[in-house]
Amino acid sequence: MALPPPEDVPEEILQTEIITDARSPLDGEPLTVAEYEELIADLQEGPDIRPRLSPEVEYTIYLLHLRRAIRSVFPFLLQ
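Next comes the structure, spelled out in structure tokens:
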């Protein structure tokens with residue numbers, strides 16, 4: 020059984036190492052910790068990407084959800 024090279028850092032030490040640099044999840048460019056946290060916060064607070072639907076379509080979707088809920092409780096109804 021061969022031993023690892025002396026410059027190889029053990030995995031136990033790597034697991035406890037504090038990460039002080041990061042990469043952007045968008046383009047992979049290096050970031051500082053503060054820049055990374057700011058980017059993640061901006062991405063989480065991002066704009067609402069849900070499409071706007073007409074009230075009739077939203078009501079139809081609501082009725083379909085309601086129908087699915089009723090069917091799960093009373094499977095013999097709505098055949």
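Quick note on the working numbering: the sequence shown kicks off at 20 and runs consecutively.
Ideal Cβ placement from N, Cα and C applies to all residues, glycine included.
Fair warning: this is a prediction, and the values are worked out from it, not measured in the lab.
* In the DSSP assignment, find the unbroken beta strand (DSSP E) run with A41 in it and report its ends. => 40 to 42
* DSSP puts L50 in a beta bridge; with which residues? -> Partner(s): A41.
* Run through DSSP, which three-state label would P21 get? -> Reading the sequence as shown, one finds Ala at residue 21 and not Pro. A21: coil per DSSP, three-state reduction.
* Closer than 8 angstroms by C-beta to I32: which residues in its own chain qualify, once you throw out the five before and the five after it? Chain order, please. => Closer than 8 angstroms at Cβ, skipping near neighbours: no residue.
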